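Novice: Just dropping this structure here.
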Amino acid sequence: MGYPTDSTGLSRSGLSLAAVGSATTVQPLHVEQYGGQVEGTFAKKSFMKAYVNIKSIRGTDTVTNARIGQATLQAVTPGVRPDASVAQFDNVKVKVDTIVLARNNVALLDDFQAHYSVRSELGVEHGKTIGKFFDEAFIIQAIKAALIVAAPDNQSPQAGETALPDGWEGGTAITLGTAGDESDPDLLQKAIEDVCEGIELKDIDLDGGVILCGPTEYYTLLRNDRLINSQYSLGNGDVAEGMVLKSCGLPLIKTNRIPKAAITGHFLSNTGNGSAYDVTAAEAKTKVVVMLPKALLAGETIPLTSKVYYMDSELQWFIDSYLSFGVTPNRAEHAGVVLAA
């Protein structure tokens, strides 16, 4: 003989007053746990992974890209054996040697007495903070790439110049003429066009690139009727979900992650990389960054990882989020900046 299947008498702690009497209602009082919060927030708040290929670095601490100079042509004279030309070889490398960590501790008593999921909310904050740090490191290196000045082929580099293989070129930097020019939409738009033109004059397509600017510059450009509005969708092909502004065919992304002041003691800077992630006052004058996918070389050894664990000996929870990555200029000619006067 079976038992009745009526479940209306069950006491379910996840039900709110409005749902009393129903044992099948979704649990409105159950609080989302920490797992996935950091990753989800990071994915929403960080945009650089969409524009840069990040290589996995395992079994070593360094990833290297080989570089080769351009080929040399010559005319062939009948009866004369052509001489072989000399190709120049070089490489660029990025080293991952630092773990960046966000950690919070929650006392056991506080965890019991909190009326919301403290661990979950901390996960959201970890994701936002790490996302900002991650993108800022990439933007810093894009600025440095754009400011690289190539030494003339087969000549020793002078002060401020960098030796590159034959045929390789430096970045494109346009400095506005007068203080405050970045507030003029026409002058700012022209400067962006000059950067894109400079990149294309180096025989580089702008495909896959992006333009980054601060909110102030973004809304300044909104007042320029030469910008193009493009609708986009989430990939389902039938519903437009929003609008993106474009300049020179590249999407404009507004971000607060372009450095506004000099930075010293960046967490990824050390003596081994020559404080590569610090920002000088001159670099902090950047108002707009134009970046193509090949501009940077990036690698990560530890992708974003989040853990929550309890220590009996300390009677507290540990909430950790950490990652280990590195990024450096790769092809300087694939990057450009607009600098304030």
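If you're matching positions, the sequence shown starts at -13 in the numbering used here and goes up one per residue.
Heads up, the beta-carbon is just placed ideally off N, CA and C, and yes, glycines get one too.
Here the structure is a predicted model, which is why all the values come from computation and not from measurement.
(1) Does the distance from the CB of V276 to the CB of I129 come in under 8 Å?
(2) So, using beta-carbon positions, are L187 and V274 closer together than 8 Å?
(3) Rounded to whole angstroms, what's the CA-CA distance from A321 to A88? Just pull it up for me.
(4) Would you kindly work out how many angstroms separate the C-alpha atoms of Q302 and C234, rounded to a whole number?
(5) Could you compute how far the alpha carbon of F33 sits from the alpha carbon of F124?
(6) Use the C-beta contact count for R209: other C-beta atoms within 10 angstroms, 16 or more gives buried, fewer gives exposed.
(7) Leaving out five residues on either side along the sequence, give the residues of the same chain with a beta carbon under 6 Å from the beta carbon of G117.
(8) Which of the three DSSP states is assigned to N140 in this structure?
(9) M34 bridges to which residues according to DSSP?
(10) So who's on the other strand from G102, going by DSSP bridges?
(11) Can you confirm whether A93, when its beta carbon is compared against all beta carbons of chain D, has any partner nearer than 8 Å?
(12) Is the distance from the Cβ of D121 to the Cβ of R317 below 8 Å?
(13) The beta strand (DSSP E) with Y263 in it runs from where to where?
(14) Leaving out five residues on either side along the sequence, give the residues of the same chain with a beta carbon under 6 Å from the beta carbon of A131.
Specialist: Well, looking at it:
(1) no
(2) no
(3) 31 Å
(4) 54 Å
(5) 10 Å
(6) exposed
(7) F28, K31, S32
(8) coil
(9) Paired residues: none, contrary to the question.
(10) First, the amino acid is wrong: residue 102 is Tyr here, not Gly. DSSP output for Y102 lists no bridge partner at all.
(11) Absent here is chain D; the protein component of the structure consists of one chain.
(12) no
(13) Taken as a continuous stretch (DSSP letters only), Y263 belongs to no beta strand (DSSP E), as it is neither H nor E.
(14) Closer than 6 Å at the Cβ level, and outside the excluded window around A131, lie G157, A281, P315, A318, A321.
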